[in-house]
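Only one structure is covered here, and it is reproduced in the block below.
Protein chains: 2
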Amino acid sequence: MIKEITSKDNNKLKHAASLKEAKYRKEYNEFLSEGKKSLDMALQAGNVKEIFTVKPIKNIPDDITQYLVKEELLKKVSSVKNPEGIVFVCNIVNRKPKKLNKVVYLDHINDPGNMGTIMRTALAFDYDAIIVSEGSCDVYNDKAVAASKGAIFSLPVLFGDINEFREGRQVIVSALNEKAVDINDLEKPKSFILVVGNEANGVTKEILDSADIATKIEIKNIDSLNVAIATGILMDHLR
Amino acid sequence: MIKEITSKDNNKLKHAASLKEAKYRKEYNEFLSEGKKSLDMALQAGNVKEIFTVKPIKNIPDDITQYLVKEELLKKVSSVKNPEGIVFVCNIVNRKPKKLNKVVYLDHINDPGNMGTIMRTALAFDYDAIIVSEGSCDVYNDKAVAASKGAIFSLPVLFGDINEFREGRQVIVSALNEKAVDINDLEKPKSFILVVGNEANGVTKEILDSADIATKIEIKNIDSLNVAIATGILMDHLR
Chain H
1 MIKEITSKDN NKLKHAASLK EAKYRKEYNE FLSEGKKSLD MALQAGNVKE IFTVKPIKNI
61 PDDITQYLVK EELLKKVSSV KNPEGIVFVC NIVNRKPKKL NKVVYLDHIN DPGNMGTIMR
121 TALAFDYDAI IVSEGSCDVY NDKAVAASKG AIFSLPVLFG DINEFREGRQ VIVSALNEKA
181 VDINDLEKPK SFILVVGNEA NGVTKEILDS ADIATKIEIK NIDSLNVAIA TGILMDHLR
Chain S
240 MIKEITSKDN NKLKHAASLK EAKYRKEYNE FLSEGKKSLD MALQAGNVKE IFTVKPIKNI
300 PDDITQYLVK EELLKKVSSV KNPEGIVFVC NIVNRKPKKL NKVVYLDHIN DPGNMGTIMR
360 TALAFDYDAI IVSEGSCDVY NDKAVAASKG AIFSLPVLFG DINEFREGRQ VIVSALNEKA
420 VDINDLEKPK SFILVVGNEA NGVTKEILDS ADIATKIEIK NIDSLNVAIA TGILMDHLR
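Taken in sequence, the protein lines are chains H and S. Using this note's numbering, you'd call the opening residue of the first sequence number 1 and step up by one each time. Using this note's numbering, you'd call the opening residue of the second sequence number 240 and step up by one each time.
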C-alpha cells in the first residue's frame with residue numbers, strides 16, 4: 001500500500017522521528033534503519049513495519065505501507081545529512097540463536113560505530129550471536145544500525161552478564177599481559193565466548209582475571225588497535 | 240606561554256575554527272586535533288603550533304602558546320559535542336618515509352573514520368607509509384584525525400597514483416574473484432603495496448586487473464567486511 005504524507009505534523013512521521021531517541025525505541029520496541037540494501041535484508045528477515053520513501057519502491061509486500069514523502073520530510077526521520085531516499089521502521093526482534101558455540105561478548109562497548117562494525121564482522125564470520133553487556137551503547141542507535149550494514153536483521157543479539165553464558169564455553173580475552181599467548185599460537189576451542197572490551201579501558205578486570213584464554217596481537221609504535229579491528233583479527237584467527 | 244582568550248571574536252580562535260574546513264587546512268597547511276593523548280604524540284613529533292585549553296597543561300614547551308578559554312569558546316574550535324578540554328593546531332608535515340617496503344594504498348577511501356582507523360592500524364603494524372589516491376577523503380578531516388589516535392603525527396602520508404610507486408613492489412589487492420588466493424595461503428612479498436578500495440565499489444578496476452597478487456578473506460552471510468576490518472586482517476597476514 002502506498003500513501004502520501006505532506007505534513008510534518010503527520011502522526012506516523014512524528015512517531016517514526018521519535019525513534020531517533022533510545023527511550024522511544026525501548027517504549028515501542030522499534031528502531032529505524034536506512035537505505036535500499038538494508039531494507040532488502042530487513043524484508044528478508046520479515047522485520048519491516050513501514051517505509052518512508054521519496055519514490056515508490058517495487059516488490060514491497062502489500063501489507064507494508066510505503067509513505068511517500070518529499071525529501072524535506074524524509075530528513076525528519078533520517079539520521080544522516082543526505083539521506084539515500086529510504087528510511088524504514090523495524091521491529092526489535094528477540095531472535096533466539098540456534099546454538100551458542102561461537103559468541104562475541106561486547107564488554108562496555110561505547111561507540112555505536114564500533115558496535116555496528118563488530119555485528120557486521122560477527123555475521124561475516126558466522127558467529128551464533130553477540131552478547132551485549134550492561135553499560136554498552138544502544139544496539140539500535142542509528143550509527144550502530146548503519147555500521148552493521150544489515151547484520152542487525154539476522155544476527156541474534158543477547159543481553160546480560162557473561163557469567164550467565166560461561167558454562168561449557170571457554171572465555172577468550174585479548175590482553176597485553178605476559179601470560180597472554182601470541183595470537184598465532186592460539187588454539188581454537190570448540191565452544192567459546194570472545195570478549196572484546198571498552199575503547200578506553202579494555203576488558204573489565206573481573207573478566208580478564210577469570211578468562212580461560214588470554215591472547216595478544218603483537219603491535220608496534222602505538223598503544224592499541226581499534227576494538228573493531230582487533231575483533232576482526234581475533235575472529236579471523238578463531239575460525 | 241599562557242594567554243587568556245575571552246572573546247569569541249578573537250583572531251587566533253577564529254583562525255583555528257576556520258581549520259574545520261578543508262579549504263582553510265589547505266591554505267594554511269594546518270589542521271586541528273583534540274585530547275591529551277593526541278597532544279602528547281603531536282608534541283613528541285614536534286607538530287604542535289598552539290593549544291586551546293580550559294586549564295593550563297603542564298610540561299608544554301614555552302614557545303607553544305596555551306590559550307586559556309572557557310568551555311563555551313572551546314566548542315568553537317572543537318568538532319565533538321563534548322570536547323575533552325584540549326584542542327590544538329598542528330602543522331601539516333610532509334614526512335619522508337625512510338623506506339617503502341610495506342605500504343598501504345588507499346584507493347578512493349570515502350569515510351574519514353575508516354581512513355583514520357587504517358592509519359592507526361598501519362602504524363601499529365609498522366607500515367612505512369600510506370599513499371592516498373586522488374578522490375579519497377581528506378586525511379586531515381577531524382574524524383580521520385580522531386580515528387587515527389595520533390598515528391597521523393608519525394605515519395608518513397604520501398599522495399598520488401599507485402603507478403608512481405609500483406616499481407620493485409608487488410601490488411596486492413583483496414578481490415572476490417576466482418583467481419584470488421585464500422588469505423591463509425598468501426605468501427608475503429618482501430616489498431609490497433597493499434591496496435584497499437572504496438567502501439561501496441571496492442578497488443578500482445584498473446588496479447584490480449593489473450595487480451600482482453589477488454587474495455580473499457572467506458566470509459559468509461553478508462556481502463563484505465568493512466574496509467578497515469579487511470585491511471586489519473590483511474595486514475595481520477602480511478607480517
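Even for Gly, the Cβ is constructed at its ideal location relative to N, Cα and C.
In chain order, what residues of the same chain have a beta carbon less than 7 Å from the beta carbon of residue i, not counting five sequence neighbours either side?
i: LYS247(S); result: LEU312 and LYS315
i: ILE461(S); result: none
i: ALA17(H); result: LYS76 and VAL77
i: GLU310(S); result: VAL293
i: LEU208(H); result: VAL173 and ALA175
i: SER33(H); result: ALA42, PHE88, CYS90 and VAL145
Only counting the same chain, and skipping five residues up and downstream in sequence, which positions put a Cβ closer than 8 Å to that of residue i?
i: ASP138(H); result: ALA22, ARG25, PRO112 and ALA144
i: LEU464(S); result: ILE456, ILE458 and ILE472
i: LYS96(H); result: PRO156
i: PHE165(H); result: LEU100, VAL103, TYR105, ILE131, LEU158 and ILE193
i: LYS3(H); result: THR65, GLN66, TYR67 and LEU68
i: LYS429(S); result: ASN340
i: GLY407(S); result: SER430
i: SER210(H); result: VAL171
If the cut is a Cβ gap below 8 Å, which residues of chain S does residue i touch?
i: LEU225(H); result: ARG359, THR360, ALA363 and GLY471
i: GLY113(H); result: GLY352
i: SER154(H); result: ASN460
i: ASP62(H); result: In chain order: nothing, as chain S lies at least about 28 Å away.
i: ASP107(H); result: By Cβ distance, chain S contributes nothing, its closest Cβ being about 19 Å from ASP107(H), past 8 Å.
i: ASP182(H); result: What ASP182(H) touches in chain S: nothing, since even the nearest Cβ is about 12 Å away.
What span of residues does the alpha helix (DSSP H) with residue i cover, start to end?
i: ALA361(S); result: 351 to 363
i: ILE472(S); result: 466 to 476
i: ASP40(H); result: 36 to 44
i: SER18(H); result: 11 to 18
i: ALA147(H); result: 142 to 148
i: VAL93(H); result: Taken as a continuous stretch (DSSP letters only), VAL93(H) belongs to no alpha helix (DSSP H), as it is neither H nor E.
i: VAL77(H); result: 71 to 77
i: ILE208(S); result: An answer regarding residue 208(S) cannot be provided, because it is not within the stretch 240 to 478 covered by chain S.
i: GLU266(S); result: 261 to 267
Can you tell me where the beta strand (DSSP E) holding residue i begins and where it ends?
i: LYS288(S); result: 287 to 292
i: VAL342(S); result: 341 to 346
i: GLU243(S); result: 241 to 243
i: TYR67(H); result: 65 to 68
i: LYS455(S); result: 452 to 455
i: ALA368(S); result: 368 to 371
i: PHE192(H); result: 192 to 197
i: VAL154(H); result: It is worth fixing the name first, because residue 154(H) is Ser in this sequence and not Val. Looking at the DSSP string, SER154(H) is not in any beta strand (DSSP E), and its letter there is neither H nor E.
i: ILE172(H); result: 170 to 174
Taking Cβ-Cβ distances shorter than 7 Å, what residues in chain H pair up with residue i?
i: ASN416(S); result: In chain order: nothing, as chain H lies at least about 18 Å away.
i: ALA467(S); result: ILE229
i: LYS459(S); result: ALA124 and ASP126
i: THR356(S); result: ASN226 and ILE229
Cβ closer than 9 Å: which chain H residues qualify as neighbours of residue i?
i: ALA390(S); result: ASN221 and ILE222
i: SER272(S); result: The premise fails here: SER272(S) is roughly 15 Å from chain H at the closest Cβ pair, so nothing lies under 9 Å.
What is the C-beta distance between residue i and residue j, in whole angstroms, given that I count them as a contact (C-beta under 8 Å)?
i: VAL196(H); j: VAL227(H); result: 6 Å
i: GLY285(S); j: ILE325(S); result: Going by Cβ atoms, the distance from GLY285(S) to ILE325(S) rounds to 18 Å, so no, they are not a contact pair.
i: ASP381(S); j: SER318(S); result: 4 Å
i: SER133(H); j: HIS108(H); result: 6 Å
Which same chain residues end up closer than 6 Å to residue i when comparing Cβ atoms and leaving out the 5 residues on each side of it in sequence?
i: ILE64(H); result: VAL48
i: LYS188(H); result: LEU238
i: ALA151(H); result: MET119, ARG120 and LEU123
i: LEU186(H); result: THR215 and HIS237
i: TYR379(S); result: ARG264 and PHE270
Name, please, each residue of chain S whose Cβ falls closer than 9 Å to the Cβ of residue i.
i: GLY168(H); result: What GLY168(H) touches in chain S: nothing, since even the nearest Cβ is about 24 Å away.
i: ASP138(H); result: Neighbours of ASP138(H) on chain S: none; closest Cβ ~16 Å, over 9 Å.
May I ask whether a heavy atom of the ligand GDP can be found less than 7 Å away from the beta carbon of residue i?
i: ILE331(S); result: Looking at this structure, you won't find the ligand GDP or any other ligand, since it has none at all.
Whose Cβ in chain H lies nearer than 8 Å to the Cβ of residue i?
i: ASP279(S); result: Those within 8 Å of ASP279(S) in chain H number zero; the least Cβ separation is about 11 Å.
State whether the segment 104 to 122 of chain H contacts the segment 49 to 64 of chain H, with contact taken as three or more CB pairs (one from each stretch) at a distance under 8 Å.
-> no
According to a CB-to-CB cut-off of less than 8 Å, which residues of the segment 424 to 437 of chain S neighbour chain C?
-> Although the question refers to chain C, the structure presented lacks it and instead comprises the protein chains H and S.
Looking at C-beta atoms only, is the number of pairs between the segment 171 to 188 of chain H and the segment 216 to 224 of chain H that lie closer than 8 Å three or more?
-> Enough Cβ pairs lie closer than 8 Å, so yes.
Quick one: any contact between the segment 125 to 135 of chain H and the segment 151 to 166 of chain H, if contact means 3 or more CB pairs under 8 Å?
-> yes
Meets three-Cβ-pair contact criterion under 8 Å: the segment 336 to 356 of chain S and the segment 272 to 282 of chain S = no
Are there three or more Cβ pairs, one per stretch, closer than 8 Å when the segment 84 to 92 of chain H is compared with the segment 198 to 214 of chain H?
-> Remark: fewer than three beta-carbon pairs, one from each stretch, lie closer than 8 Å, so the segment 84 to 92 of chain H and the segment 198 to 214 of chain H are not flagged as touching.
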